[in-house]
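Since the structure comes first, as structure tokens, the remarks are kept for the end.
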Amino acid sequence: MKKVSNDEMSNLEYNHEWYRSYDAFDPSKYTADQLEEIRLEVYPQKQSVDAYVDYKRLFEDGEVTIAVHFGWDYHADYHLKHSASVYAYLLQQGFSSPVATFDDYTRTSGPLTKTIKAYGKDVVVKVWLFWGKAGTDTDPDTDDGGRLLEADMRESFRDREIIIFAGHSGNYYAFALANWRKTDEGDLDDHEIPLLQMPNDRYQIVAAIGCDTYSVGEAFFQNPAKSDRKNINVITTLSFSSASTDAPIRTLIDTVSKTDAQGNHNLVRTYKQILDEMDRSSYFFQTMFGVYGIDANPKLHPYGNLEALCTSCTQNTDCGGLGNVCTRISTSEKVCTIACTADDGCPSGYVCRSVANGSTISGTFCVPSSNTCEVAPPVDEGPKVIINEILADPPSDLSGDSNGDGLRSATDDEFVELVNVSNDTVDLSGWTLSDAYSARFTFPAGTALAPGQAVLVFGGGDVATFKSFGNTLVFASKGLGLSNAGDKVTLRDATGRSVNEVEFGPEGGQDRSLVRERDGDPKSPMIAHPGTAPHSAGTKSDGSSF
């Protein structure tokens, strides 16, 4: 592509930004010294399975805090119309306002509130509304107003659990809060998201309702507080979104605040159900909402009654409340089951299977893998092969030459070490190693791992040039792509079932491997490699052989 100067990139005039001319880019019109070659690698990514909103974490402290930020709109002042309509909707749904009328509500008025019941206790749902209004301190046409709108949103990311943005966005910017035609203030862009103050121990949901917001998901993962991908879900769009409806906002608020007549929370949704409803919010738009960061979310219904699972029943009420269903699993057995989205959401000995009501699939539920409750479900004996050591950040000196080919490489010397901790030889044919994004290596046919034996998979290089690793099997991938800021390594068998996985955060980027505290122990935590050596590829931590 063409070499782009800093001066050229500074041209950000509205509708005439520097990058717009490149939709007709033709390299033949430039000389060789004006061009640069950029290597592009495309990897297939494994699709995340559906999961539930983590209601338990949202409700555990007795309140849910929600902030809705309306970005300035040039179509029809929708930031004014939708802030008013959402305010009215909240009142209709039983929320109490801190002020008498919408016209009295300001950024400092405090939240609208509603008390619901969840997990047997009261939970207060609090909703703050923020928008720019001419003639006030948040006037979106002014620098001061823009700065205040942005400051309020930064505060929401710091202090609140659900942050919803509805407004204009795009590939090169995230949250446009003020009138960009009149002020350069009031814009919270992608590159600023990694620097936001966000809690590293609190579960948050971010909804970016605007055009082409898909890039903000990765931006949040670059924030140190969210790099482990366990504490944030980010809803984004893949295309244009409709500025003319507030329906997606209502969908998200309903998800945590809808109740039955007794005030019990009763609208439990998976993300697929949420996104499907958001996609239907406008009949003339095909927005295609998606979500980042749900791999760590619950796969079991949040109100599942584990004590009743597999007990005899005649009707759903025998099993408990929402999410618990009386299911016929054989001609002679009707037992209690729990809604789920994947096998790993179910207890040991159970699998997540589709259940029919007549000729229609009514959902997926945890049932015994043996298809009977008359015999106790089999006990999971744990994985036969485990991830024992990971080097995501090879040291910059020659000690980082983990494969022993005489060269230190930031990519080729990454490695994952597996160990067979069972008493059986395990056929690894077709098994895969994945990072958080996609499968990075597939074991070739005929790969057999003996009891107690280890196998190393390096990020690259030529195995023929590697040092000897004794009895350890050695492979080179075409790139493991492990992130120093945090990643997840998953070992899957040939059917795609997860056998073992390890997640790590910034501690994986300290010029040192992560290794089991006790080599070969699947229950042992991963720790920074002990001793003076930065890793022990192919051997135990103390240098002894497997």
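Residue numbers for the sequence shown follow our numbering, beginning at 980 and rising by one.
No residue lacks a Cβ here, since even glycine has one placed at the ideal position from N, Cα and C.
Val-1213 has Val-1185, Tyr-1271 as its beta-bridge partners, per DSSP.
Look at the beta carbons and you see the stretch 1206-1214 touching the stretch 1480-1490: at least three pairs across the two are nearer than 8 Å. Looking at the backbone, the Cα of Val-1104 and that of Gln-1294 are separated by about 33 Å. Secondary structure note for Ser-1194: it is in no alpha helix (DSSP H), with a DSSP letter that is neither H nor E. 9 Å or more divides the Cβ of Cys-1319 from the Cβ of Cys-1298. Across the structure, Ser-1524 and Gly-1517 are spaced so that their CA atoms are roughly 8 Å apart. Annotated as distal: Asp-1131 and Glu-1164, with beta-carbon spacing of 9 Å or more. The continuous stretches of alpha helix (DSSP H) do not include Asp-1101, which lies in the beta strand (DSSP E) extending over residues 1100-1110. Residue environment: Gln-1176 is assigned as exposed (fewer than 16 neighbouring CB atoms within 10 Å of its CB, all protein chains considered). Within the stretch 1198-1243, the complete alpha helix (DSSP H) segments at least 4 residues long are 1226-1236, listed from N- to C-terminus.
Here the C-alpha atom of Tyr-1034 lies approximately 15 Å from the C-alpha atom of Lys-1251. In the displayed model, Ala-1507 falls within a strand according to three-state DSSP.
If you draw a 10 Å sphere on the C-beta of Arg-1491, you find 16 or more other C-beta atoms in it, and that means buried. Put simply, the backbone Cα of Gln-1072 is about 8 Å away from that of Lys-1237. By the Cβ rule, the stretch 994-1012 does not count as touching the stretch 1228-1243, because fewer than three pairs are nearer than 8 Å. Secondary structure of Thr-1444 (DSSP, three-state): helix.
For a cut-off of 8 Å, the C-beta gap from Ser-1462 to Arg-1471 is around 19 Å, too long to register as a contact.
Rounded to whole angstroms, the separation of the alpha carbons of Ile-1045 and Phe-1109 is 11 Å. Going by beta carbons, Ile-1184 and Tyr-1068 fall outside the 9 Å limit.
In summary, Phe-1344 is buried, with 16 or more beta-carbon neighbours lying within 10 Å of its beta-carbon over all protein chains present. In the structure shown, Phe-1136 falls within a helical segment according to DSSP collapsed to helix, strand and coil.
With the rule of 3 Cβ pairs closer than 8 Å, the stretch 1330-1348 does not count as touching the stretch 1365-1376.
Every beta strand (DSSP E) of 3 residues or more that sits fully in the stretch 990-1063 is shown, in chain order, as 1042-1049. A check of alpha carbon separations from Ile-1369 across Leu-1435, Asn-1350, Asp-1403, Thr-1310 identifies Leu-1435 as the nearest. Nearest to Cys-1289 by alpha-carbon distance, out of Ile-1317, Ser-1456, Arg-1137, is Ile-1317. For Lys-1251, the enclosing alpha helix (DSSP H) begins and ends at 1250-1258.
Closest option to Ser-1223, judged by alpha-carbon separation, among Val-1065, Pro-1119, Val-1494: Val-1065. For the set Lys-1502, Pro-1504, Asp-1500, Gly-1522, the Cα lying nearest the Cα of Gly-1510 is the one of Gly-1522. The C-beta of Arg-1419 has 16 or more other C-beta atoms within 10 Å across all chains shown, which makes the residue buried. Going by DSSP, Asn-1336 is part of the beta strand (DSSP E) stretching over 1329-1336.
Residue state for Arg-1476 is assigned as coil, using DSSP reduced to three classes. Looking from the CA of Val-1364, the closest CA among Ser-1401, Phe-1394, Ala-1389 belongs to Ser-1401.
Along the stretch 1059-1097, the beta strand (DSSP E) occurs as fully enclosed runs of 3 or more residues at 1091-1097, listed in sequence order. Taking all protein chains shown into account, Thr-1010 has fewer than 16 neighbouring C-beta atoms within 10 Å of its C-beta and is therefore exposed. Asn-1150: not part of any alpha helix (DSSP H); DSSP gives it neither H nor E. Put simply, the backbone Cα of Val-1494 is about 13 Å away from that of Val-1468.
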